[in-house]
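To start, the structure itself, in C-alpha cells.
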Amino acid sequence: MKALIAKGMGAYLNTLSVISPKRAGKKGFYFFCLPFAAKLKEHQTRFLDTSKSFTFSFEEQTIQGYKWGSGPENVLFLHGWASNSFRWKKYIEFIDKEKFTVYCIDAQAHGNSSGKILNIPIYSRLIEHFLRHVQPVNKMVSHSVGSISSLYCFKKHPELAPERLVIMGSPGMAIDFFDYYKDALGLSDKTVQLTLDYFRAHLGKEPEFYSAMDFANGLSSKGLIIHDTEDEDVPVRYGRAISASWPNADYWETTGFGHKLKDAEVVKRVLAFIA
15 MKALIAKGMG
25 AYLNTLSVIS
35 PKRAGKKGFY
45 FFCLPFAAKL
55 KEHQTRFLDT
65 SKSFTFSFEE
75 QTIQGYKWGS
85 GPENVLFLHG
95 WASNSFRWKK
105 YIEFIDKEKF
115 TVYCIDAQAH
125 GNSSGKILNI
135 PIYSRLIEHF
145 LRHVQPVNKM
155 VSHSVGSISS
165 LYCFKKHPEL
175 APERLVIMGS
185 PGMAIDFFDY
195 YKDALGLSDK
205 TVQLTLDYFR
215 AHLGKEPEFY
225 SAMDFANGLS
235 SKGLIIHDTE
245 DEDVPVRYGR
255 AISASWPNAD
265 YWETTGFGHK
275 LKDAEVVKRV
285 LAFIA
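Everything in the sequence shown is counted per my numbering, starting at 15 for the first residue and increasing by one.
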C-alpha cells in the first residue's frame with residue numbers, strides 16, 4: 015500500500031513539474047521531509063506508559079518525551095527515520111536505572127509528537143533545544159537520521175557535545191536520500207532537479223553540505239560507531255568513513271543485524287560503552 019501511495023505521489027509531482035515547476039519543487043521538498051511514520055501500536059504504548067512522560071514546545075510543535083530511572087548520569091536516546099522511542103525498549107529494560115536517568119524523545123512528526131515533516135536541520139535544532147532548555151546530558155545514543163542530526167548539532171555547537179556518543183547506522187550524505195527518493199516515488203530527472211533547487215533555496219546549503227564525515231571531524235566526544243555490513247538502507251562504507259573522520263571513536267562492524275541493529279549483542283555493547 016505504501017508503495018502504491020509513493021508511486022501516486024511521484025506521478026503527481028512529475029505532472030506538476032510540467033504545469034507548475036516552482037510548485038513542484040516546493041511540494042517535492044515537502045514530500046522529501048515526510049516520514050510516513052506508523053502510528054504507535056498498543057504494546058508500544060503500554061511500554062512507553064511505564065515512563066514518566068513529559069512534553070515541551072519546539073518550533074510551534076509539541077514534542078513528547080519519556081523518562082526512566084533516577085540516577086546521577088543523564089543519557090538521551092534518539093531514534094531514526096519513521097521510528098519512535100519504543101525502539102529503545104531493550105536498552106531501557108537493561109540499563110542501570112539507579113546509575114542513569116534515561117531520556118527519550120519522539121522527533122516531530124514521529125511517535126506521539128506533533129508535526130508533519132522532519133529533516134536533518136530540524137532534528138539537529140530539536141537536539142540543541144533539548145540540551146539547552148530541557149535537560150543537559152553527558153551520554154547519548156542515536157540511530158540513523160538521529161545520528162547524522164546529532165553529529166550536525168555538535169558540529170554547530172561543540173560546547174553541547176556529550177562525554178560519550180553512540181552513532182548507529184548513520185547516513186553519510188544527504189544527497190543519497192535523493193537517489194532513494196527518486197526510485198521510491200518514480201520521479202523524473204526534471205522533478206528531482208526542481209526539488210534539489212528548492213532544497214538549496216530553502217535551506218541555503220547544497221545537499222553535499224550535509225555530510226556525517228565532515229560533521230564528525232573534530233568532534234570531542236568519545237564515540238562508538240556501529241554499522242552492519244548487510245545494512246540495505248545505508249552502505250557500510252559510511253560507517254567506515256565516519257570512523258576515519260573521528261579518531262576519538264571506536265568502530266564496530268557487525269554482520270547480520272541489518273540497518274535496525276536490533277540485537278542483544280548490540281544492546282550489551284552500547285550499554286557497556288556508556289557505563
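Backbone N, C-alpha and C define an ideal beta-carbon position, used for all residues, glycine too.
As the structure is a computational prediction, the values presented were derived from the model and not from experiment.
Asked, Found
"CB contact flag (Thr69, Gly79, <8 Å)", "yes"
"Burial state of Val50, where buried means 16 or more other Cβ atoms lie within 10 Å", "Just to set this straight, residue 50 is Phe in the shown sequence, not Val. Exposed."
"Nearest-angstrom beta carbon gap, Ser235 and Arg178 [assumed within contact, 8 Å]", "6 Å"
"Backbone CA spacing between Met187 and Gly85 [nearest angstrom]", "36 Å"
"Whether Asp120 touches Ile162 by CB criterion (8 Å)", "no"
"Beta-carbon contacts of Phe100 that lie in its chain and below 8 Å, excluding the five residues immediately before and after", "Leu54, Gln58, Phe61, Leu62, Gly125"
"Selection from Ala198, Pro221, Ser71 that minimises the alpha carbon distance to Arg139", "Ser71"
"Local Cβ density within 10 Å of Asn133, reported as buried at 16 or more and exposed below that", "buried"
"Distance between Asp110 and Leu174 (C-alpha atoms, nearest Å)", "24 Å"
"Check whether Leu30 and Met182 have beta carbons under 8 Å apart", "no"
"Ordered list of beta strand (DSSP E) runs contained in the region 129-187, each at least 3 residues", "153-157, 178-182"
"Paired residues, beta bridge with Asp242 - DSSP", "Thr268"
"Gln122 Cβ short of 7 Å to the ligand SAH heavy atom set", "With respect to the ligand SAH, the structure shown offers nothing to examine, as it has no ligands at all."
"Cut-off 8 Å between Cβ atoms - residues of its own chain near His273, not counting five sequence neighbours on either side", "Ser158, Gly183, Asp242, Asp245, Glu246, Asp247, Val248"
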